[in-house]
Amino acid sequence: MCGTCGKVHHSWYDRTTRQVRDLSCGDKRTYLEFEVRRVDCKRCGAVKTERLDWLADNP
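Just remember that our numbering sits 2 ahead of the position in the sequence shown, which is counted from 1.
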């Protein structure tokens with residue numbers, strides 16, 4: 003999904019691995035690792051990182 007206009011895409015421009023911290027489990031830190039794709043949006047003409055609705059903004 004384009005991070006600018008929200009159009010859903012089924013292909014991507016490139017990708018990178020991202021790691022974010024999740025809630026700790028006891029005294030152990032927990033991290034989530036996942037691929038973030040960039041899409042070349044034909045609708046708005048931008049190359050943007052896909053929008054990840056499940057990932058909270060960093061305060």
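C-beta atoms are modelled at their ideal positions from N, C-alpha and C, and glycine is treated no differently.
Item                                                                                                                                                : Value
If I follow the unbroken beta strand (DSSP E) through Lys-50, where does it start and stop?                                                         : 49-51
What residues in its chain sit with their C-beta under 6 Å from that of Arg-40, if we drop five residues either side in the sequence?               : Tyr-15, Asp-16, Val-49 and Thr-51
Only counting the same chain, and skipping five residues up and downstream in sequence, which positions put a Cβ closer than 8 Å to that of Ser-13? : Val-41
What are the partner residues of Leu-34, as DSSP defines its beta bridges?                                                                          : Val-22
Could you compute how far the alpha carbon of Val-10 sits from the alpha carbon of Lys-44?                                                          : 11 Å
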